[in-house]
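Residue numbers (this note's numbering), protein chains in the order written: chain A, -18 to 660; chain B, -18 to 660.
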């Protein structure tokens, strides 16, 4: 099924076939270069007897110095040296495409491509093709191993790809191979102090910003980046292994994910790039023909936060959260507002006791005593609301896969079209990393199975996003971040106030984040005396714009929203956008983003700051030139402060046009949320 | 010899002997509290049946939540639970003491102390004493194991001390257990993202700053701090082990180093604390009677930077740096300036080839061919300059110790009174960490042997400073930081411009740093095309004030200083101070420090910034109230910039008094250095 990826060149015009240097002698260096359409980015490839090397320049400055490429095949010599160039092809592609849903409806895909087909010169030569694409906003590069006599089934023992960065830059990174995947707060250090990091990794050099990540991760291991030789500027790909050390078990023909380098003048510009999506394939034609009407962005609430703040339990018993009566309270609230889904965690059998510490016992088609799921689903449907399913696996993938098809079939039968997945645990099936090929392939099966049963996927603790939502439009959003839950129920550490000003510049570059904003009640000390939501109420509102997710949780309890004037913003804010613009921001300091509703002329703006108060001026030139708008402003109150007075906010209405400038006054941990309603 | 530490209570007034609760039943919690003299800091100790716990408050806010204390003895139960209180003693001590040399001549030592003598309640009871001191600027806490029948020779398998921090703060830290000790650029992250860190570790909470470190590390392993249970706020002591996992091999009576918690309103205030020194002992009386006239702070130059920038080699051969002629050039320059010592790296036999990659072959009393050390020493002496010895061990301690006494004897004979040590390598003797007990004890032997031969010690790649210079006044300075050398010869990464604005707040809290400032020639691209000194010339001058070291290198080549007007500041700046004041600063941003010369009424000021230009106002109220001064100002030129124009500087002279305000205009990577010469 994933061979649909091999169709990626279909429909592209072959603009240029270079005079192929077919008899390239292996004893000399062959050089090829590729420029982005705007000529600001330039990649040079060197095929040397001792190996393949690439380098990247941006606006005339070196960004990546000559860096090795290649694959180490288990039991064989490295595939990357002693190669001759068989053929090169170059072409340019430029076309707009439409997202069925997303942060930007129309995306321009414009790149120049260089394909270099290589073959070894010795006995039993093996073949390798490099595909390189240069966009104005970054580079993509991948390995393709064509079908061939001398390389059929094989194991990739190591991917040799390096990134020899030209500058020792400030680097924002998350360590890989810790217990909780990417659920940490980001580290900032010199590049030379990195150890081994997840991607995206974001670097701020003096004259440009860049982010390294991957696109279209299918049937391969996730990429992490390890500093080579301690204290250098060289990052090397470190694929997340199988328990025996294998990195990728595969067979020709195959291709690696794209290795991507986003480059922009400033970090804020990285947020306006669509490189990752552009390096994923369009959906297969049969998928496009299918009935995808079940795929709908929207807001959801759920029985969830009350567990995190210790009011309720996931487990059956006196504090059981999942009950018919409580679910109906959520449904009643949702029905009165623009909330399309209700999640019920702990809805099924098998949550008894410390479920995250043992082999999983969940039963995925049997509701827990006390919750009548059929009744709840019917009640919801009658009120125009849908129930959201929940599959917590406790990282037991083998156990889950035995029930998976039946589980999604059960939801399909009930008319449930959305599921939240969870893989809570330090290892998958006891000995697999959450980011290895084993989990990559499992999660692909989840997405495919869900699609067959017409279910949207919102996955927590799963593999990193690499833009596959373009190809699989039911793959809506995922967590893969230290989310709101840490401010509630984590044993003793909440997120710091700067956390939400960092993640859009890092984790956010990979795709939608189910961060679950919207906490209005900051006093939940009864069970969590040392935890806090480190933001003001206006900051919580702004997160609905700042952090993109097509499924956006409205995370607090209905009784904390009921009658609250500020809830109007959550009611109004869309989850599907015509266009998005990251306007201002510095990593870890502040961020201002504007987005236009897909279904109206209205714009929305979110602005957040870290622990420091700050004033900002925002030009409203993104608004339609001749239109008039009412700006409905939800901002921090005069004495608002995440620590001492988080609830203080005020609502102000002013008339503005595209020529106006908005003055923002953000308090510590604060924010501003604005709806620009066209008049 | 180190038993001199046990004399620490001598000379103290025993102010208070609490009514000892001798029959304390072990089944109840016994609580004790101790306040700092100004009552801002409060420590509470709880002796519970299940263990010992302490907590710390500052200005009424929790800083450390109840945190475990105790020692795990190999082959025995943990020493820390099931204890009864045998006796408690409380006292207050308040006395000034004089440093023979230092950043501050007179230091006030004022603390309240609580000693809690504990004994187990079961059969074969063991005894443990906790000593706790509360100063206005921090807490010290240590374990004492008195001589006893049931605990004689023993191995500490684990020290149980925890620091359960009350807030998830911004933390500046260096990872421990990497290859190059503390020679990395600092990481900044949430506390909850720390892995395992060297000390000092510096935390910035909203309402206070704190640093955790240790004092008086003798015959014990260095402390690192490991985050307990990933993603928490709890740091636990992780002692650097012997190869077999033992932490400390010891015998009663013994005592641990002090575990120290510095607390202050802001990070800048941490720099004005003398907690670490105050928790070290005064020199033993016999040491004070000795002729210590050889111990003299001063500036030194040396054949060193030319190796780092690739002009010369440490090894014999055509690029050999250590030659008689070159040494005399340095001596000639030093003789004309206030430079008291000349270092000659590679002076001895055994540096051939890749010396850092093999077992050491150095001979410590045989000069290399081409260098006549006797002649050079005589030539220097005639000109009033001293040669500084050099012992590079390439981390071969066993090999070095065989020659150590003879090596220092050789220097003593030549009249050499200062030695720079080096332990370049990833492990000591192949399998020992640089920070384990093995190295701690070796380095103590070095200091003792050096003292016996009247030699001052400046050690690189050695154990962390814990304030032992108070007890051993020939222990002058050490590196233990990513120094200037990384801007020259490290394979490919220099320090970033913010590095020097971080290290005084972190590494600098432990003691003097031989950072080796003073580079004037920023163009050394011939051999190091990708390396840079990331600062302006004025910043280099300011470092002589900002970074304290009693032996301060003048690191560039004499020909790069000759005739340079800005060298006057280096000539003038002292290395021994009457008093020091950290005036302004934020970690990683900027720092302004003023120090008064010990031997004149003059003051000096150093101000540095990171990559960002900034303007600062400095009140000169540290100057003597009625005196008049000429401020000799060395500042960045109008277009100065570490990257594009590092040499641009200007010298300005203005008259000022204690009522004046100095306006600083720091350029990117820039600085200002000022001498306030009393008129």
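A virtual CB, placed ideally from N, CA and C, is assigned to each residue, including glycine.
Which value, in whole angstroms, describes the spacing of the CA atoms of residue 16 (chain B) and residue 35 (chain B)? Computed Cα separation, rounded: 13 Å.
Since residue 132 (chain A) sits in a beta bridge, which residues does DSSP pair it with? Paired residue(s): A:129.
If the cut is a Cβ gap below 7 Å, which residues of chain B does residue 102 (chain A) touch? The contacting residues do not exist; residue 102 (chain A) stays about 32 Å from chain B at best.
From residue 231 (chain A) to residue 112 (chain A), what distance separates their C-alpha atoms? Cα-Cα distance, rounded: 19 Å.
Three Cβ pairs or more, each shorter than 8 Å: is that satisfied between the segment 586 to 602 of chain A and the segment 90 to 99 of chain A? Segments in contact, no.
Take every Cβ of the segment 278 to 287 of chain B, pair it with every Cβ of the segment 329 to 336 of chain B, and state whether three or more of those distances are shorter than 8 Å. A contact between stretches requires three or more CB pairs, one per stretch, nearer than 8 Å, and the segment 278 to 287 of chain B fails this requirement with the segment 329 to 336 of chain B.
Segment contact, 8 Å Cβ cut-off, at least three pairs: the segment 148 to 159 of chain B with the segment 204 to 221 of chain B: Flag = yes, the segment 148 to 159 of chain B and the segment 204 to 221 of chain B touch.
Assign residue 339 (chain A) to buried or exposed, taking buried as 16 or more other Cβ atoms, counted over all protein chains shown, within 10 Å of its Cβ. Residue environment analysis places residue 339 (chain A) among the exposed positions, since fewer than 16 neighbouring C-beta atoms fall within 10 angstroms of its C-beta.
For the pair the segment 337 to 355 of chain B and the segment 314 to 323 of chain B, tell me if three or more CB-CB distances fall below 8 Å. No, they do not touch.
Sufficient close CB pairs (3 or more, under 8 Å) joining the segment 221 to 235 of chain A to the segment 414 to 423 of chain A: Cβ pair count under 8 Å is three or more, so yes.
Can you list, in chain order, the residues of its chain with a C-beta nearer than 6 Å to that of residue 137 (chain B)? Leave out the 5 residues immediately preceding and following it. So the list reads 52, 228, 229, once near-sequence residues are dropped.
What residues in its chain sit with their C-beta under 6 Å from that of residue 513 (chain B), if we drop five residues either side in the sequence? Hits under 6 Å: 475.
Can you find the residues in the same chain that come closer than 7 Å, C-beta to C-beta, to residue 124 (chain B), ignoring five residues on each side of it along the sequence? So the qualifying residues of the chain are 52, 109, 111, 236, 237.
With 8 Å set as the bound, which would you pick, yes or no: does the beta-carbon of residue 298 (chain B) sit closer than that to a beta-carbon of chain A? Any Cβ of chain A closer than 8 Å to the Cβ of residue 298 (chain B) would place that residue at the interface, and such an atom is absent.
In terms of alpha-carbon separation, which member of A:46, A:480, A:425, A:173 lies closest to residue 200 (chain A)? Looking at the Cα atoms, A:425 is the closest of the given residues.
With a threshold of 8 Å between beta-carbons, can residue 490 (chain A) be considered close to chain B, or not? Under the Cβ distance rule, residue 490 (chain A) does not count among the residues neighbouring chain B, no pair being separated by less than 8 Å.
Residue 77 (chain B) classed as buried or exposed, judged by whether at least 16 other C-beta atoms fall within 10 angstroms: Looking at its Cβ environment, which holds fewer than 16 other Cβ atoms inside 10 Å, residue 77 (chain B) is exposed.
Selection of the segment 196 to 226 of chain A by Cβ proximity to chain B, strictly under 7 Å: Answer set for the segment 196 to 226 of chain A: 211, 212, 213, 214.
Once the 5 residues before and after residue 342 (chain B) are set aside, which same chain residues still bring their CB inside 6 Å of it? Within the same chain, residue 342 (chain B) has close Cβ partners 331.
Whose CA, out of B:411, B:274, B:303, B:561, lies closest to the CA of residue 528 (chain B)? The candidate whose alpha carbon is nearest that of residue 528 (chain B) is B:561.
Taking residue 249 (chain A) as the reference, which of A:593, A:659, A:564 has the closest Cα? If you compare the alpha carbons of A:593, A:659, A:564 with that of residue 249 (chain A), the shortest gap goes to A:564.
Among A:211, A:538, A:460, whose alpha-carbon lies nearest the alpha-carbon of residue 407 (chain B)? Closest option to residue 407 (chain B), Cα to Cα, is A:211.
Please work out which residues of its chain come closer than 7 Å, Cβ to Cβ, to residue 595 (chain B), disregarding the five sequence neighbours upstream and downstream, and give them in chain order. Once the five neighbours on either side are set aside, the close Cβ partners of residue 595 (chain B) are 571, 647.
Indicate whether the contact test is met: 3 or more Cβ pairs, each with one atom in the segment 518 to 533 of chain B and one in the segment 616 to 631 of chain B, closer than 8 Å. With a cut-off of 8 Å, the segment 616 to 631 of chain B and the segment 518 to 533 of chain B count as touching, because enough Cβ pairs lie within range.
Three-way DSSP call (helix, strand, coil) for residue 2 (chain A) in this model: Here the model assigns residue 2 (chain A) a pLDDT of 43, short of 50, so the residue's position is not dependable, and the following value carries that caveat. In the structure shown, residue 2 (chain A) sits in coil (DSSP, three-state: anything other than H, G, I, E or B).
So residue 400 (chain A) and residue 370 (chain A) are in contact, right, with Cβ under 8 Å, and what is the actual spacing, rounded? The Cβ separation is near 4 Å, so the contact holds.
Anyone know if the C-beta pair for residue 605 (chain A) and residue 582 (chain A) falls short of 8 Å? Here residue 605 (chain A) is near residue 582 (chain A), since their CB atoms are less than 8 Å apart.
Could you check the C-alpha separation between residue 291 (chain B) and residue 502 (chain B) for me, to the nearest Å? Approximately 14 Å, taken between the alpha carbons.
contact_flag[the segment 256 to 265 of chain B, the segment 56 to 67 of chain B] where n(CB pairs < 8 Å) is 3 or more: No, the segment 256 to 265 of chain B does not touch the segment 56 to 67 of chain B.
Run down chain B in chain order and give the residues with a C-beta less than 7 Å from the C-beta of residue 171 (chain A). Here the neighbours are 166, 477.
Pull up the distance between the alpha-carbon of residue 302 (chain B) and that of residue 536 (chain B), whole angstroms please. So the two alpha carbons sit approximately 15 Å from each other.
Residues that residue 283 (chain B) bridges to, as DSSP identifies them: Bridge partners of residue 283 (chain B): B:324.
Residue 473 (chain A): contacting residues in chain B (beta-carbon distance under 7 Å): Per Cβ cutoff of 7 Å: 213, 214.
Does the distance from the CB of residue 463 (chain B) to the CB of residue 165 (chain B) come in under 8 Å? Yes, Cβ-Cβ distance for residue 463 (chain B) and residue 165 (chain B) is below 8 Å.
Buried or exposed: residue 635 (chain A), going by 16 or more other Cβ atoms within 10 Å of its Cβ? By the 10 Å Cβ count, residue 635 (chain A) comes out exposed.
Cβ-Cβ distance between residue 441 (chain B) and residue 495 (chain B) below 8 Å: The beta carbons of residue 441 (chain B) and residue 495 (chain B) sit closer together than 8 Å.
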